[in-house]
Every structure is written in C-alpha cells, then in structure tokens.
Ligand code: SF4
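Numbering (my numbering), first residue to last: 2 to 316.
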C-alpha cells in the first residue's frame with residue numbers, strides 16, 4: 002500500500018487500510034464469503050463443470066439494489082491469508098472447474114498482484130476471470146496485465162444521474178468506459194476453446210433495470226460507439242427487488258417483457274450480434290448464492306496444499 006493511503010479505485014478514499022476502512026468497507030485483509038464451483042454464469046464461463054468462484058466481501062460501488070448486500074458488512078465472510086487464498090484457488094482447480102473467477106475483487110487489486118503471480122508458478126493453470134463492476138482505475142487495472150485472462154465487467158449506467166442515485170458514483174459511466182478500454186487492450190475480443198468455453202477476452206454484462214430501458218439502450222450505444230464489436234455482451238434480465246430498494250420506487254418490480262425486448266431489439270439493430278440474452282424466469286432471489294465458506298473448510302484446504310505452497314515466498 003502506498004504511504005498516501007488507498008487510491009486504487011475511483012473513490013480515492015486515501016485511507017490507510019492497515020488501520021481503517023474506506024467506502025469499500027474492507028481493510029487490507031482479504032475477507033471471503035464463498036469459494037465453490039458456480040453454474041449460473043454465462044455458459045461460456047460456467048461450462049459443464051462450473052466456474053471456480055471466489056466471492057470477496059466488500060465492494061467499492063455498493064449499488065442500492067445489490068443482491069449480495071450481505072457481503073458489504075466489514076465483518077462478513079472469513080478473514081483469509083494470501084496462502085489460504087492460493088490454496089482455495091488450487092483446490093477449485095483440482096475440483097475440475099474451468100476457471101478461477103474472482104468476484105468483486107477490485108478493492109483488493111494491489112493486494113492480489115503478488116498472490117496471482119505466485120499461484121501461477123505453483124500450479125495454477127486454468128484461466129483467471131476478473132468479475133467486476135468496472136468501477137476501477139486504469140492504473141490499478143494495468144497491474145493485472147498478464148495475470149487475468151478473461152474480464153467480465155459490468156457496464157451498469159449510461160447516465161451520471163442514475164449512477165449517482167443508485168451507486169453514489171456520478172463518474173461511473175466515464176470511469177467504467179475507460180476501465181473497459183484498458184481490459185480490451187490487455188486481452189482483446191473473446192476467444193473460445195474447442196468446447197466453446199471462453200479462454201480469453203472481454204465479456205461485458207449489462208443488467209436492465211425496471212423503468213430504465215432508455216438508459217440501457219444508451220448504454221449499449223455507448224459501448225458499441227466506442228469499442229465497435231470487439232467484446233461479448235450479456236444483456237441481463239435478472240433484476241430482483243431487494244428490501245433495501247424500498248426508497249427507490251422505480252426499482253420495486255422486475256423488468257417487464259416489453260422493456261427487455263426493446264433493449265434486445267436495439268442491441269440487434271446496432272449490430273451487437275454477440276449478445277447473450279436471459280429468460281424472464283432469471284429474476285429470482287434463488288440466484289443469490291449461499292455464502293457459507295467455513296473455517297473448517299479453509300483449514301482442510303490449507304492443510305492439503307501446504308506442501309505445494311511450502312517454498313512460496315511470504316506475501
Ligand atoms: S479500494 Fe476501497 S478504500 Fe481504496 S479507494 Fe476504493 S473504496 Fe476507497
């Protein structure tokens with residue numbers, strides 16, 4: 002961590018995370034809520050054997066409708082050392098998953114760099130997926146160059162007003178577009194293996210919000226206008242009202258078929274022919290994973306990979 006404090010995302014809190022926490026609610030210590038195969042990502046990511054998701058606690062965007070809001074508490078999940086985190090990655094690989102999927106890790110970017118370098122030289126062979134909100138600084142993302150194979154960023158908002166209302170981040174559209182540009186510079190358009198699984202590239206996600214079809218159409222236009230057809234895109238229909246969205250009347254329902262269809266039609270109209278779409282039934286709280294990483298599981302995994310990681314220098 003630089004002496005000036007944490008400036009690693011656009012929030013630029015400047016706080017010393019050894020002593021306190023910033024907007025993301027986390028200190029320098031990794032806190033993890035779940036490390037398990039996950040079967041509900043895009044088929045090109047989950048495949049048949051699942052994506053090896055590792056859910057990090059905290060978030061630097063903290064959208065008011067977050068489905069994983071249980072992870073925003075500073076004490077949620079379990080504190081995990083770098084060695085334990087590497088052991089979790091190796092155990093997921095041995096379980097047969099197609100990739101290691103780091104979910105909402107942007108506020109740990111600097112802390113993850115030495116760990117990702119070390120785990121590659123200690124047996125991690127499958128692709129690493131960076132699954133983020135895209136509210137990230139270009140400087141931080143540059144540190145990941147060569148360490149991440151697949152970027153899975155959101156592009157949530159096209160207007161500063163909506164970004165401010167729902168995520169306290171009026172600079173989101175500009176920051177996210179710059180972040181996605183850097184991701185594309187690093188890994189380029191999607192590439193697939195012989196089984197149709199993604200092995201490299203950028204797959205952007207856009208979640209359609211109720212009452213915001215126009216916002217979505219504009220978001221797609223902004224992406225297409227800036228990056229052409231160089232990225233994969235998932236247009237998501239799984240918005241689910243959460244208790245904490247009560248103060249936002251527009252967010253109290255799911256997305257209508259008419260709204261979602263209008264966004265899909267527009268995507269095709271502007272030539273986004275790599276778009277993946279979702280069924281209406283996707284809007285359900287059953288998509289929220291069970292956040293149950295236990296101390297016992299962590300100890301068991303650490304013990305199992307102790308020898309493999311024995312000569313790993315201290316991170
Ligand atoms: S990573 Fe967290 S502490 Fe650092 S600038 Fe972003 S929100 Fe603030």
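Glycine is no exception: its CB is placed at the ideal position from the N, C-alpha and C atoms.
- Taking non-hydrogen atoms of ligand 1 into account, the C-beta of residue 61 is found less than 7 Å away from one of them.
- The way I'd put it, the stretch 104–116 does touch the stretch 26–36; three or more beta-carbon pairs between them come closer than 8 Å.
- Using a Cβ-Cβ distance cut-off of 8 Å, the stretch 214–223 and the stretch 116–131 are not in contact, since fewer than three pairs of beta carbons, one from each stretch, lie closer than that value.
- Put simply, of 80, 67 and 7 the residue whose alpha carbon is nearest the alpha carbon of residue 298 is 80.
- In this structure, residue 127 keeps its C-beta atom at 8 Å or more from the C-beta atom of residue 154.
- When DSSP states are grouped into helix, strand and coil, residue 132 belongs to the strand group.
- Remark: the shortest separation between the CB of residue 9 and any heavy atom of ligand 1 falls under 7 Å.
- C-alpha of residue 20 to C-alpha of residue 227: approximately 40 Å in a straight line.
- DSSP places residue 76 in no alpha helix (DSSP H); its state is neither H nor E.
- With a cut-off of 8 Å on Cβ pairs, the stretch 143–160 is not in contact with the stretch 83–93, counting fewer than three such pairs.
- At least one heavy atom of ligand 1 falls within 7 Å of the beta-carbon of residue 18.
- Around the C-beta of residue 238, 16 or more other C-beta atoms lie within 10 Å, and the residue is accordingly described as buried.
- Beta-bridge annotation (DSSP): residue 36 is paired with 55.
- Pairing residue 305 with residue 222, the inter-Cα distance amounts to about 49 Å.
- Annotation: residue 27 to residue 291 spans about 21 Å, alpha carbon to alpha carbon.
- Assignment of residue 203 by DSSP, reduced to helix, strand and coil, places it in the strand class.
- With a contact defined as Cβ atoms closer than 8 Å, residue 25 and residue 59 qualify at about 5 Å.
- Close CB contacts of residue 184 within its chain, under the 7 Å cut and outside five residues either way in sequence, are with 142, 152, 154 and 203 (chain order).
- Residue 292 has its CB no nearer than 7 Å to any heavy atom of ligand 1.
- Counting the other CB atoms within 10 Å of its CB gives residue 102 a total of 16 or more, which places it among the buried residues.
- Here residue 193 is exposed: its Cβ has fewer than 16 other Cβ atoms, across all protein chains shown, within 10 Å.
- Under DSSP, residue 102 forms a beta bridge with 54 and 130.
- Per DSSP, the continuous beta strand (DSSP E) segment holding residue 235 begins and ends at 233–237.
- In this structure the stretch 51–68 touches the stretch 231–246; the number of beta carbon pairs closer than 8 Å is three or more.
- Runs of the beta strand (DSSP E) spanning 3 or more residues and lying entirely within the stretch 144–168 occur at 151–154, in chain order.
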